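Residue 291 in the numbering used here sits at position 291 of the sequence shown, and the numbers go up by one each step.
Don't be surprised by glycine CBs; every beta carbon is placed ideally from N, CA and C.
Just so we're clear, the structure is a prediction, and the values are computed from it rather than from any experiment.
Input: a single structure, listed below in C-alpha coordinates.
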Amino acid sequence: MKHMKNGKFLVFLLAVLVVVGCDEGGGESSRQREVELKPSPTANADSLYQYVADQVAFGPRVPNTRAHQNAAEWFVQKFESYGAQVQVQAFDAVTYDGTAVDLKNIIASFNPEVKKRILLAAHWDTRPFADQDADDAYAPLDGANDGGSGVAVLLEVARQLSISSPTVGVDMILFDGEDWGEHAEKGGTELPNGLDSWWCLGSQHWSKNKHKSNYTAFYGILLDMVGAPNARFHYDNVSQENAGRILDKVWSIAHTKGYQNYFKKQAGFAGITDDHVFVNKYALIPMIDIIDYQKGTFMPAWHTQNDTLENISKETLAVVTNTVLAVLFNE
1 MKHMKNGKFL VFLLAVLVVV GCDEGGGESS RQREVELKPS PTANADSLYQ YVADQVAFGP
61 RVPNTRAHQN AAEWFVQKFE SYGAQVQVQA FDAVTYDGTA VDLKNIIASF NPEVKKRILL
121 AAHWDTRPFA DQDADDAYAP LDGANDGGSG VAVLLEVARQ LSISSPTVGV DMILFDGEDW
181 GEHAEKGGTE LPNGLDSWWC LGSQHWSKNK HKSNYTAFYG ILLDMVGAPN ARFHYDNVSQ
241 ENAGRILDKV WSIAHTKGYQ NYFKKQAGFA GITDDHVFVN KYALIPMIDI IDYQKGTFMP
301 AWHTQNDTLE NISKETLAVV TNTVLAVLFN E
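Here it is in C-alpha coordinates:
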(Lines of atoms letter the chains of each structure in order from A and count residues from 1; the text may use other names and numbers.)
(Lines give C-alpha, C1' and ligand atoms only; values in the text may rest on other atoms or scores of the structure.)
Protein backbone atom coordinates (compact mmCIF):
# COMPACT_ATOMS: atom_id res chain seq x y z
CA MET A 1 0.00 0.00 0.00
CA LYS A 2 0.26 2.79 1.46
CA HIS A 3 -2.10 5.66 1.23
CA MET A 4 -2.72 8.79 3.18
CA LYS A 5 -6.04 9.98 4.49
CA ASN A 6 -7.60 13.30 3.69
CA GLY A 7 -11.12 11.96 3.27
CA LYS A 8 -10.44 10.62 -0.22
CA PHE A 9 -7.39 8.51 0.50
CA LEU A 10 -5.05 10.90 -1.34
CA VAL A 11 -1.36 11.17 -0.64
CA PHE A 12 -0.21 14.52 0.60
CA LEU A 13 2.79 16.12 2.19
CA LEU A 14 2.50 18.24 5.26
CA ALA A 15 2.85 21.89 4.44
CA VAL A 16 5.62 22.26 6.98
CA LEU A 17 8.18 19.60 7.83
CA VAL A 18 8.51 19.68 11.58
CA VAL A 19 11.95 18.88 12.87
CA VAL A 20 11.81 16.96 16.15
CA GLY A 21 14.47 17.96 18.66
CA CYS A 22 16.87 20.33 16.92
CA ASP A 23 17.92 20.94 13.36
CA GLU A 24 20.01 18.12 11.92
CA GLY A 25 22.60 20.54 10.72
CA GLY A 26 23.78 21.68 14.13
CA GLY A 27 23.34 21.59 17.86
CA GLU A 28 22.61 18.55 19.95
CA SER A 29 19.71 17.48 22.09
CA SER A 30 18.88 14.36 24.05
CA ARG A 31 16.67 13.35 21.13
CA GLN A 32 19.52 13.51 18.61
CA ARG A 33 22.65 12.63 20.54
CA GLU A 34 24.43 9.55 19.30
CA VAL A 35 24.05 6.52 21.51
CA GLU A 36 26.74 4.03 22.44
CA LEU A 37 25.98 0.74 20.75
CA LYS A 38 26.85 -2.80 21.65
CA PRO A 39 28.11 -5.01 18.78
CA SER A 40 25.45 -6.45 16.50
CA PRO A 41 25.51 -8.70 13.42
CA THR A 42 26.04 -7.19 9.98
CA ALA A 43 23.59 -7.98 7.22
CA ASN A 44 24.69 -9.59 3.98
CA ALA A 45 23.52 -7.32 1.14
CA ASP A 46 23.68 -10.12 -1.44
CA SER A 47 21.55 -12.32 0.78
CA LEU A 48 18.98 -9.54 1.16
CA TYR A 49 18.79 -8.96 -2.58
CA GLN A 50 18.38 -12.68 -3.22
CA TYR A 51 15.46 -12.84 -0.81
CA VAL A 52 13.69 -10.20 -2.89
CA ALA A 53 14.59 -12.02 -6.11
CA ASP A 54 13.25 -15.29 -4.73
CA GLN A 55 9.92 -13.67 -3.91
CA VAL A 56 9.62 -11.98 -7.29
CA ALA A 57 10.36 -15.31 -8.98
CA PHE A 58 7.08 -16.70 -7.63
CA GLY A 59 5.20 -14.03 -9.58
CA PRO A 60 2.73 -11.55 -8.07
CA ARG A 61 1.80 -12.88 -4.59
CA VAL A 62 -1.86 -12.00 -4.97
CA PRO A 63 -4.24 -13.90 -2.67
CA ASN A 64 -5.98 -16.93 -4.23
CA THR A 65 -3.15 -17.50 -6.74
CA ARG A 66 -0.66 -20.35 -6.97
CA ALA A 67 2.18 -17.83 -6.54
CA HIS A 68 0.65 -16.73 -3.24
CA GLN A 69 0.38 -20.31 -1.98
CA ASN A 70 3.89 -21.24 -3.09
CA ALA A 71 5.36 -18.15 -1.46
CA ALA A 72 3.60 -18.91 1.84
CA GLU A 73 5.03 -22.42 1.90
CA TRP A 74 8.50 -21.05 1.14
CA PHE A 75 8.33 -18.49 3.96
CA VAL A 76 7.43 -21.20 6.46
CA GLN A 77 10.28 -23.39 5.25
CA LYS A 78 12.81 -20.54 5.42
CA PHE A 79 11.85 -19.48 8.93
CA GLU A 80 11.93 -23.07 10.17
CA SER A 81 15.34 -23.57 8.59
CA TYR A 82 16.58 -20.68 10.75
CA GLY A 83 15.29 -22.31 13.92
CA ALA A 84 12.09 -20.34 14.42
CA GLN A 85 8.86 -21.70 15.83
CA VAL A 86 6.36 -21.01 13.06
CA GLN A 87 2.59 -20.65 13.16
CA VAL A 88 0.30 -20.02 10.22
CA GLN A 89 -2.86 -18.08 11.02
CA ALA A 90 -5.26 -18.88 8.18
CA PHE A 91 -8.47 -16.88 7.83
CA ASP A 92 -11.07 -15.86 5.26
CA ALA A 93 -11.80 -12.31 4.21
CA VAL A 94 -13.69 -10.38 1.55
CA THR A 95 -12.14 -7.54 -0.45
CA TYR A 96 -13.78 -4.24 -1.45
CA ASP A 97 -14.96 -5.74 -4.77
CA GLY A 98 -16.60 -8.76 -3.13
CA THR A 99 -13.80 -11.23 -3.79
CA ALA A 100 -13.55 -13.96 -1.15
CA VAL A 101 -9.88 -14.50 -0.33
CA ASP A 102 -7.96 -17.11 1.65
CA LEU A 103 -5.33 -15.30 3.67
CA LYS A 104 -2.45 -16.39 5.88
CA ASN A 105 -0.53 -14.47 8.52
CA ILE A 106 2.81 -16.20 9.13
CA ILE A 107 4.34 -15.85 12.60
CA ALA A 108 7.94 -16.86 13.36
CA SER A 109 9.23 -16.77 16.93
CA PHE A 110 12.81 -16.76 18.21
CA ASN A 111 13.74 -17.30 21.87
CA PRO A 112 10.11 -18.21 22.61
CA GLU A 113 10.88 -18.79 26.30
CA VAL A 114 12.00 -15.17 26.86
CA LYS A 115 9.37 -12.91 28.42
CA LYS A 116 10.52 -9.58 26.94
CA ARG A 117 9.59 -9.66 23.27
CA ILE A 118 10.11 -7.39 20.28
CA LEU A 119 7.69 -7.62 17.36
CA LEU A 120 8.87 -7.16 13.76
CA ALA A 121 6.41 -7.13 10.88
CA ALA A 122 6.01 -6.68 7.13
CA HIS A 123 3.33 -7.55 4.61
CA TRP A 124 4.01 -10.31 2.10
CA ASP A 125 1.13 -10.06 -0.36
CA THR A 126 1.27 -7.94 -3.51
CA ARG A 127 -1.31 -5.56 -4.95
CA PRO A 128 -3.50 -7.17 -7.63
CA PHE A 129 -3.59 -4.05 -9.81
CA ALA A 130 -1.11 -1.30 -10.69
CA ASP A 131 -3.62 1.50 -10.31
CA GLN A 132 -0.91 4.19 -10.36
CA ASP A 133 0.42 2.93 -13.70
CA ALA A 134 -0.14 5.08 -16.77
CA ASP A 135 -0.16 2.09 -19.14
CA ASP A 136 -2.23 -0.60 -17.44
CA ALA A 137 -4.00 0.27 -14.21
CA TYR A 138 -5.23 -3.33 -13.78
CA ALA A 139 -1.96 -5.23 -14.19
CA PRO A 140 -0.66 -7.14 -11.16
CA LEU A 141 2.67 -6.07 -9.64
CA ASP A 142 5.92 -7.87 -8.95
CA GLY A 143 5.94 -6.12 -5.58
CA ALA A 144 9.72 -6.20 -5.28
CA ASN A 145 9.70 -3.20 -2.94
CA ASP A 146 6.08 -3.00 -1.82
CA GLY A 147 5.97 -6.30 -0.03
CA GLY A 148 9.21 -8.00 -1.02
CA SER A 149 11.68 -5.64 0.62
CA GLY A 150 10.21 -5.72 4.12
CA VAL A 151 10.00 -9.51 4.02
CA ALA A 152 13.61 -9.70 2.82
CA VAL A 153 14.74 -7.70 5.85
CA LEU A 154 12.89 -10.06 8.20
CA LEU A 155 14.35 -13.14 6.51
CA GLU A 156 17.88 -11.76 6.81
CA VAL A 157 17.29 -10.85 10.45
CA ALA A 158 16.03 -14.40 10.98
CA ARG A 159 19.15 -15.81 9.34
CA GLN A 160 21.35 -13.68 11.56
CA LEU A 161 19.41 -14.75 14.68
CA SER A 162 20.12 -18.37 13.78
CA ILE A 163 23.81 -17.52 14.14
CA SER A 164 23.78 -15.11 17.08
CA SER A 165 20.93 -14.55 19.51
CA PRO A 166 19.97 -11.32 21.34
CA THR A 167 18.82 -11.36 24.96
CA VAL A 168 15.23 -10.56 23.98
CA GLY A 169 12.63 -12.73 22.32
CA VAL A 170 11.78 -11.78 18.75
CA ASP A 171 8.54 -12.44 16.92
CA MET A 172 8.12 -11.78 13.21
CA ILE A 173 4.77 -11.51 11.51
CA LEU A 174 4.25 -11.55 7.76
CA PHE A 175 0.85 -9.92 7.37
CA ASP A 176 -1.32 -11.01 4.46
CA GLY A 177 -4.03 -9.07 2.64
CA GLU A 178 -2.42 -5.70 3.26
CA ASP A 179 -2.36 -4.38 -0.26
CA TRP A 180 -5.60 -5.29 -2.02
CA GLY A 181 -7.39 -2.21 -0.76
CA GLU A 182 -9.49 -0.33 -3.26
CA HIS A 183 -8.69 0.51 -6.86
CA ALA A 184 -8.02 4.22 -7.36
CA GLU A 185 -10.65 4.35 -10.13
CA LYS A 186 -13.37 2.68 -8.09
CA GLY A 187 -13.78 5.11 -5.21
CA GLY A 188 -14.99 4.26 -1.74
CA THR A 189 -16.96 1.16 -0.83
CA GLU A 190 -19.02 0.76 2.31
CA LEU A 191 -17.21 -1.26 4.93
CA PRO A 192 -18.87 -4.21 6.70
CA ASN A 193 -19.18 -4.24 10.48
CA GLY A 194 -15.94 -5.15 12.20
CA LEU A 195 -13.65 -3.83 9.48
CA ASP A 196 -11.92 -0.45 9.71
CA SER A 197 -10.43 -0.43 6.22
CA TRP A 198 -10.25 -2.46 3.02
CA TRP A 199 -6.49 -2.24 3.46
CA CYS A 200 -4.43 -4.18 6.00
CA LEU A 201 -6.79 -7.13 6.33
CA GLY A 202 -4.13 -9.35 7.91
CA SER A 203 -3.08 -6.92 10.62
CA GLN A 204 -6.70 -6.11 11.43
CA HIS A 205 -7.42 -9.81 11.89
CA TRP A 206 -4.29 -10.60 13.91
CA SER A 207 -4.64 -7.55 16.17
CA LYS A 208 -8.10 -8.74 17.21
CA ASN A 209 -7.23 -12.47 17.16
CA LYS A 210 -3.62 -12.85 18.26
CA HIS A 211 -1.82 -16.12 17.62
CA LYS A 212 -1.55 -16.40 21.43
CA SER A 213 -4.43 -15.02 23.45
CA ASN A 214 -2.19 -13.31 25.98
CA TYR A 215 0.50 -12.23 23.55
CA THR A 216 2.13 -8.85 23.94
CA ALA A 217 5.42 -7.23 22.99
CA PHE A 218 7.53 -4.44 24.45
CA TYR A 219 7.22 -2.65 21.10
CA GLY A 220 7.03 -3.32 17.38
CA ILE A 221 8.68 -2.23 14.15
CA LEU A 222 6.88 -2.40 10.81
CA LEU A 223 8.93 -2.50 7.61
CA ASP A 224 7.30 -1.36 4.38
CA MET A 225 8.89 -0.31 1.09
CA VAL A 226 12.44 -0.32 2.46
CA GLY A 227 14.38 -1.29 -0.68
CA ALA A 228 14.38 1.63 -3.11
CA PRO A 229 17.57 3.49 -4.05
CA ASN A 230 17.99 6.73 -2.07
CA ALA A 231 15.09 5.87 0.24
CA ARG A 232 14.11 8.38 2.91
CA PHE A 233 12.41 7.37 6.14
CA HIS A 234 10.53 10.13 7.96
CA TYR A 235 8.36 10.09 11.07
CA ASP A 236 4.67 9.39 10.51
CA ASN A 237 1.96 10.69 12.80
CA VAL A 238 0.72 7.24 13.92
CA SER A 239 4.20 6.25 15.08
CA GLN A 240 4.73 9.61 16.79
CA GLU A 241 1.41 9.48 18.62
CA ASN A 242 1.62 5.87 19.75
CA ALA A 243 5.31 5.02 20.00
CA GLY A 244 7.30 8.24 19.95
CA ARG A 245 9.98 6.95 22.33
CA ILE A 246 10.58 3.91 20.14
CA LEU A 247 10.63 6.06 17.01
CA ASP A 248 13.33 8.28 18.50
CA LYS A 249 15.30 5.26 19.72
CA VAL A 250 15.37 3.54 16.33
CA TRP A 251 16.22 6.71 14.39
CA SER A 252 18.96 7.58 16.91
CA ILE A 253 20.51 4.14 16.50
CA ALA A 254 20.40 4.58 12.72
CA HIS A 255 22.17 7.95 13.07
CA THR A 256 24.83 6.45 15.31
CA LYS A 257 25.50 3.88 12.59
CA GLY A 258 25.92 6.70 10.05
CA TYR A 259 22.59 6.36 8.27
CA GLN A 260 21.44 9.99 8.61
CA ASN A 261 20.84 10.29 4.87
CA TYR A 262 18.20 7.58 5.10
CA PHE A 263 16.58 8.15 8.49
CA LYS A 264 15.32 11.72 8.73
CA LYS A 265 14.32 13.02 12.15
CA GLN A 266 11.48 14.93 10.60
CA ALA A 267 7.71 14.54 10.45
CA GLY A 268 7.12 13.83 6.79
CA PHE A 269 3.46 12.90 6.54
CA ALA A 270 0.20 12.29 8.37
CA GLY A 271 -2.90 10.17 8.02
CA ILE A 272 -1.15 7.01 6.84
CA THR A 273 -3.00 3.70 6.74
CA ASP A 274 -0.55 0.86 7.28
CA ASP A 275 -0.40 -2.28 9.38
CA HIS A 276 0.97 -0.50 12.46
CA VAL A 277 -2.29 1.48 12.75
CA PHE A 278 -4.17 -1.65 13.81
CA VAL A 279 -1.39 -3.15 15.90
CA ASN A 280 -1.41 0.08 17.91
CA LYS A 281 -5.19 0.39 18.04
CA TYR A 282 -6.31 -3.17 18.74
CA ALA A 283 -3.26 -5.19 19.82
CA LEU A 284 -2.19 -2.28 22.07
CA ILE A 285 1.45 -2.79 21.14
CA PRO A 286 3.36 0.45 20.44
CA MET A 287 4.56 -0.03 16.86
CA ILE A 288 6.44 2.30 14.53
CA ASP A 289 6.65 2.24 10.73
CA ILE A 290 9.85 2.40 8.69
CA ILE A 291 8.51 3.41 5.28
CA ASP A 292 9.94 5.30 2.32
CA TYR A 293 8.17 8.58 1.68
CA GLN A 294 9.55 11.62 -0.12
CA LYS A 295 8.64 14.47 -2.44
CA GLY A 296 4.97 14.24 -1.57
CA THR A 297 4.51 10.57 -2.40
CA PHE A 298 5.94 7.11 -1.89
CA MET A 299 8.79 5.58 -3.88
CA PRO A 300 8.58 6.29 -7.65
CA ALA A 301 7.49 2.74 -8.55
CA TRP A 302 4.65 2.73 -6.00
CA HIS A 303 1.66 0.74 -7.28
CA THR A 304 3.08 0.59 -10.81
CA GLN A 305 4.56 -2.17 -12.96
CA ASN A 306 7.98 -0.63 -12.28
CA ASP A 307 8.03 -2.13 -8.78
CA THR A 308 10.56 -4.67 -10.00
CA LEU A 309 13.84 -6.21 -8.90
CA GLU A 310 15.75 -3.73 -11.05
CA ASN A 311 14.55 -0.93 -8.77
CA ILE A 312 15.84 -2.54 -5.55
CA SER A 313 18.97 -1.27 -3.81
CA LYS A 314 21.19 -3.66 -1.87
CA GLU A 315 22.54 -0.70 0.08
CA THR A 316 19.13 0.46 1.26
CA LEU A 317 18.16 -3.06 2.31
CA ALA A 318 21.40 -3.43 4.26
CA VAL A 319 21.00 -0.04 5.99
CA VAL A 320 17.54 -0.94 7.25
CA THR A 321 18.51 -4.46 8.28
CA ASN A 322 21.62 -3.31 10.14
CA THR A 323 19.50 -0.75 11.98
CA VAL A 324 16.97 -3.37 13.05
CA LEU A 325 19.70 -5.76 14.14
CA ALA A 326 21.36 -3.02 16.19
CA VAL A 327 18.04 -2.27 17.88
CA LEU A 328 17.54 -5.92 18.83
CA PHE A 329 21.07 -6.42 20.13
CA ASN A 330 20.96 -3.24 22.18
CA GLU A 331 17.93 -4.20 24.26
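Any chance you could list the beta strand (DSSP E) runs of at least 3 consecutive residues sitting entirely within the stretch 124-158, in chain order? Fully enclosed beta strand (DSSP E) runs of 3 or longer: not present.
Is the beta carbon of Asp307 less than 7 Å from the beta carbon of Leu141? Walking along the sequence shown from the start, residue 307 turns up at place 307. Walking along the sequence shown from the start, residue 141 turns up at place 141. Taking 7 Å as the Cβ cut-off, Asp307 and Leu141 qualify as a contacting pair.
CB Ser47 to CB Ala84, shorter than 7 Å? In the sequence shown, residue 47 corresponds to position 47, counting from 1. In the sequence shown, residue 84 corresponds to position 84, counting from 1. Result no, Cβ atoms of Ser47 and Ala84 do not sit closer than 7 Å.
What's the call for Thr189, buried or exposed, on a 16-neighbour Cβ count within 10 Å? Here residue 189 corresponds to residue number 189 of the sequence shown, with the count starting at 1. Per the 10 Å Cβ criterion, exposed.
CB-CB under 7 Å to Ser162, same chain, minus the five flanking residues each way: which ones, in chain order? As a working note, residue 162 is residue 162 in the sequence shown. Result list for Ser162: Tyr82 and Gly83, in chain order.
Taking the continuous alpha helix (DSSP H) assigned at Asn322, which residues delimit it? Within the sequence shown, the letter at position 322 stands for residue 322. Segment Lys314 to Leu328, the alpha helix (DSSP H) holding Asn322.
How would you label Gly147, buried or exposed, when you count the other beta carbons within 10 angstroms and need 16 or more for buried? The sequence position of residue 147 within the sequence shown is 147, counting from 1. Looking at its Cβ environment, which holds 16 or more other Cβ atoms inside 10 Å, Gly147 is buried.
Compute the beta-carbon to beta-carbon distance between Thr316 and Val226, rounded to the nearest angstrom, for a pair I have assumed lies under 8 Å. Locating residue 316 in the sequence shown gives position 316, where the first residue counts as 1. Locating residue 226 in the sequence shown gives position 226, where the first residue counts as 1. The pair is a contact, with the Cβ atoms about 7 Å apart (cut-off 8 Å).
Rounded C-alpha distance that separates Leu201 from Gly177: The residue labelled residue 201 in the question sits at position 201 within the sequence shown. The residue labelled residue 177 in the question sits at position 177 within the sequence shown. Cα to Cα, the separation comes out at about 5 Å.
Assign Tyr293 to buried or exposed, taking buried as 16 or more other Cβ atoms, counted over all protein chains shown, within 10 Å of its Cβ. Here residue 293 is taken as the residue at index 293 of the sequence shown, counted from 1. Buried is the call here.
What is the rounded straight-line gap between the Cα of Pro229 and the Cα of Ala318? Taking the sequence shown and counting its residues from 1, one reaches residue 229 at position 229. Taking the sequence shown and counting its residues from 1, one reaches residue 318 at position 318. Using only the alpha carbons, I get a separation of about 11 Å.
Given this structure, state the Cα-to-Cα distance separating Tyr262 from Ala57, to the nearest angstrom. By one-based count along the sequence shown, residue 262 stands at place 262. By one-based count along the sequence shown, residue 57 stands at place 57. Approximately 28 Å between the Cα atoms of the pair.
Taking Cβ positions, are Leu247 and Ile288 nearer each other than 7 Å? Taking the first residue of the sequence shown as position 1, residue 247 is located at position 247. Taking the first residue of the sequence shown as position 1, residue 288 is located at position 288. Taking 7 Å as the Cβ cut-off, Leu247 and Ile288 qualify as a contacting pair.
Unbroken alpha helix (DSSP H) run spanning Ala283, endpoints: Reading the sequence shown from its first residue, position 283 is the one you call residue 283. Looking at the DSSP string, Ala283 is not in any alpha helix (DSSP H), and its letter there is neither H nor E.
What are the residues that DSSP puts in a beta bridge with Asn189? Locating residue 189 in the sequence shown gives position 189, where the first residue counts as 1. One point to set straight first is that residue 189 is Thr, not Asn, in the sequence displayed. BP columns for Thr189 are empty, so no partner.
With Phe110 as the anchor, note down where its beta strand (DSSP E) starts and where it stops. In the sequence shown, counting from the first residue as 1, residue 110 sits at position 110. Segment Ala100 to Phe110, the beta strand (DSSP E) holding Phe110.
Have a look at Ser313 and Trp74 and give me their C-alpha separation to the nearest angstrom. To locate residue 313, count along the sequence shown from 1; it is residue 313. To locate residue 74, count along the sequence shown from 1; it is residue 74. Each residue's Cα considered, the two are about 23 Å apart.
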